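Chains as they are written, first to last, in this note's numbering: chain A, 1 to 354; chain B, 355 to 522.
The beta-carbon is built from N, C-alpha and C at its ideal position, and this holds for glycine as well.
Remember, predicted model here, so these are calculated numbers, not experimental data.
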Amino acid sequence: MAEQNTPPGKGGNTPKPKGNTPSAKDKSRAASRPVAAKAPGKGAKGGNTPRPGARKSGASASAGNSRRGVLLAWGAVGVVVIILAALFIVKATSSNSTNTSYIATTAASSQVVTDVTTVPLSTWNAVGVTSQVQVAKPTILSDQPAMTIDGKSPAMLYYGAEYCPYCAAERWAMATALARFGTWSNLQTTASSLSDVDAGTHTLSFHGATLDSPYITFRGIEQYTNIPVASTPGEYTTLQNPTKEEGAILAKYSSSKYLPNGSTSGGISFPFVDINNAMLFSGASYDPQILAGLSWSAIAGGLSDPTNPVTQAILTTGNYMSAGICQATKGQPGSVCKSSGVQAAAKALGITIG
Amino acid sequence: MPALRWQPLVSLLLCIYGLGASIYLTYTHFQPKALECVSNATFNCEKVTQSPQSEIFGVPVAMLGLVFFVPMLLLCLPSAWRAADRRIHLARLILSVTGVGMIIYLIIAELFIIKAICLWCSSVHLTTFILFVIIATASPIVLGPGYGTEDAEGDLPSQTPLADGLAT
């Protein structure tokens with residue numbers, strides 16, 4: 001209020017009036033705007049008008065900077081586009097030389113490994129051999145010599161292929177059962193063939209995986225990948241061949257002499273599992289169809305739920321396998337072999353543990 | 355100087371989508387069963403989100419997405435776009451360049467190491483790339499002289515020489 005009462009116009013730096021009435025300076029500004037728009041060099045003489053020469057060089061520099069900035073920005077975008085395009089082109093080009101109609105095998109996630117290897121004992125026992133899904137019993141042999149692999153006995157041999165959907169089902173049971181007797185390293189995740197029945201069934205792969213166990217020696221052979229051979233439909237690239245020793249075991253125990261559905265011509269059906277030459281699994285113990293559409297995490301994550309039908313099928317098969325291993329290890333370790341789930345499996349199979 | 359018109363709104367919407375997708379991917383990193391995604395030879399979200407490359411120095415990449423989109427969302431608010439403080443616009447530009455660098459690494463990992471593409475992740479990559487394009491091409495405007503000042507107001511032609519000449 002005091003400022004409003006101050007007499008106007010006594011010097012250049014006095015405060016501006018706050019009312020709506022334009023001051024002399026405002027009027028001067030308004031009047032000077034058209035002058036600023038005059039073409040340079042045409043008599044722009046007003047006190048507040050920039051000198052023509054200075055204005056021209058400032059605008060020019062500003063426009064130049066702006067142009068440079070725009071070029072730099074779009075150049076950066078162009079570089080990123082080129083990098084991304086190059087990545088996709090390289091990928092597309094390299095994909096042409098290798099068939100991509102398969103789900104690649106890679107290291108299993110820590111969560112999947114944890115879920116598979118830490119199935120609670122209470123869940124094993126709750127399932128026992130009770131499953132809503134039909135589970136086939138293995139073939140029991142008697143009076144056979146214990147299996148020896150690399151001079152170690154007892155032993156367990158698995159023979160399958162990554163493309164095989166029946167192997168996909170069987171591996172979940174094997175991995176969970178064997179985790180009760182040792183520690184897994186380098187378990188892989190993969191999926192069965194995308195062009196076979198039960199296409200793309202998510203599963204584990206034993207290729208490169210090892211079981212460190214004081215009780216049993218495990219050997220897993222994945223004969224073929226899930227990568228189709230482009231020139232021969234229905235065939236897959238070779239991954240791993242059995243050794244001479246493994247080949248002899250496979251040839252002997254996959255024959256019709258030991259297996260009701262065994263081969264008479266020397267061929268072996270995938271999967272084939274031999275636990276110490278005393279228990280044989282040929283083909284899937286349960287229908288892989290029940291795994292359709294389930295991810296690795298969904299299957300592995302469900303393993304702690306004894307009411308889950310998939311879990312029941314896996315753990316029932318796993319309890320049968322555990323009973324077979326316990327028979328081979330003569331009841332070791334007791335924490336596994338004396339559990340009610342394993343005892344129920346042994347009873348159902350008519351075998352004696354330790 | 356050209357005006358900023360649609361960039362603030364579009365960038366904000368992209369940030370909201372990116373943040374939502376990052377929250378979902380972070381959740382599914384810890385709860386893989388909750389992940390809903392196509393699974394075939396080319397696309398497999400679980401394979402990507404559970405791969406060793408899904409973590410950098412033990413930090414889930416999806417969580418790094420959160421670390422990217424939270425500040426980016428703040429920097430893409432209309433008030434931030436209008437700001438006269440060049441540091442805000444520089445921070446936005448630097449963050450977007452960092453983001454696009456990260457997606458180049460992640461695309462390399464998906465295409466050549468994991469050999470599977472996660473559709474959810476790809477949507478975040480696309481979002482980050484579009485954000486980068488918007489921010490990079492808007493930078494000459496928002497980092498230009500006089501942007502965000504009273505006269506310029508972000509979408510007005512600069513009158514700096516005249517304003518300077520009239521200053522008292």
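Run through DSSP, which three-state label would residue i get?
i      : result
H202/A : strand
W296/A : helix
W184/A : strand
G47/A  : Confidence is the limiting factor: at G47/A the pLDDT is only 40, short of 50, which leaves the residue's position unreliable and the question unanswerable from this model.
A2/A   : Note that A2/A scores a pLDDT of 35, beneath 50, so its modelled location is shaky; the value from the coordinates is reported in the next line. A2/A: coil per DSSP, three-state reduction.
E162/A : coil
K338/A : coil
F423/B : helix
T352/A : coil
S393/B : strand
G220/A : strand
L191/A : In the sequence on display, residue 191/A carries Ala and not Leu. A191/A: strand per DSSP, three-state reduction.
Y236/A : strand
K347/A : helix
K469/B : coil
S282/A : strand
T514/B : Confidence at T514/B is low in this model, with a pLDDT of 36, below 50, so its placement is unreliable and the value that follows should be read with caution. In this structure, T514/B counts as helix in the three-state DSSP scheme.
S255/A : strand
I370/B : helix
I89/A  : helix
L485/B : helix
Residues of chain A with a CB under 7 Å from the CB of residue i: which are they?
i      : result
V487/B : V77
L465/B : L87, K91
A490/B : A73, A76, V77
I462/B : L87
Which residues in chain B have a C-beta closer than 7 Å to the C-beta of residue i? List them in chain order.
i      : result
T106/A : K401, S405, I468
Nearest chain B C-beta to residue i closer than 8 Å, yes or no?
i      : result
G208/A : no
Q111/A : yes
G200/A : yes
L259/A : no
S66/A  : yes
I83/A  : yes
V197/A : no
V80/A  : yes
L194/A : yes
Label residue i either buried or exposed according to how many other C-beta atoms from any shown protein chain fall within 10 Å of its C-beta, with 16 as the threshold for buried.
i      : result
E390/B : exposed
Q132/A : exposed
W296/A : buried
S433/B : exposed
T93/A  : exposed
E235/A : exposed
F411/B : exposed
R359/B : exposed
T114/A : exposed
F270/A : buried
A388/B : exposed
D274/A : buried
Tell me, please, whether the CB atom of residue i is closer than 8 Å to any CB atom in chain A?
i      : result
Q361/B : no
T482/B : no
G498/B : yes
I458/B : yes
S476/B : no
D509/B : Any answer about D509/B is weak, because its pLDDT of 44 lies below 50 and its placement is not dependable; what the coordinates show is given next. No, its Cβ sits nowhere closer than 8 Å to a Cβ of chain A.
C472/B : no
List, in chain order, every chain B residue whose beta-carbon is nearer than 9 Å to that of residue i.
i      : result
W124/A : In chain order: nothing, as chain B lies at least about 21 Å away.
I351/A : Going along chain B, no residue has its Cβ under 9 Å from I351/A, so there is no contact; the nearest lies around 36 Å.
Say yes only if the C-beta of residue i is nearer than 7 Å to one or more non-hydrogen atoms of the ligand NAP, and no if none qualify.
i     : result
F88/A : Absent from the structure shown: the ligand NAP. Ligands present: none.
So residue i contacts chain A; which residues on that side make the cut at Cβ distance below 8 Å?
i      : result
S493/B : G69, A73
I377/B : Within 8 Å Cβ-Cβ: nothing; I377/B doesn't reach chain A, min ~19 Å.
Is any beta-carbon of chain E found at less than 8 Å from that of residue i?
i      : result
A298/A : Note that chain E does not occur in the displayed structure, where the protein chains are A and B.
Quick one, which residues of the stretch 279-304 of chain A are near chain B if we go by CB-CB under 7 Å, in chain order? The stretch 279-304 of chain A vs chain B, Cβ under 7 Å: S295, W296, S297, A298, G301.
Chain A contacts made by the stretch 442-456 of chain B, where a contact means CB separation under 7 Å: Look at the stretch 442-456 of chain B: the residues with a C-beta under 7 Å from a C-beta of chain A are V454.
Check distances from the C-beta atoms of the stretch 410-432 of chain B to those of chain A and list, in chain order, the residues that come in under 8 Å. For the stretch 410-432 of chain B, there are no residues whose beta carbon sits under 8 Å from a beta carbon of chain A.
Chain B contacts from the stretch 127-148 of chain A (Cβ-Cβ distance under 9 Å): Against chain B - using a Cβ distance shorter than 9 Å - the stretch 127-148 of chain A contributes no residues.
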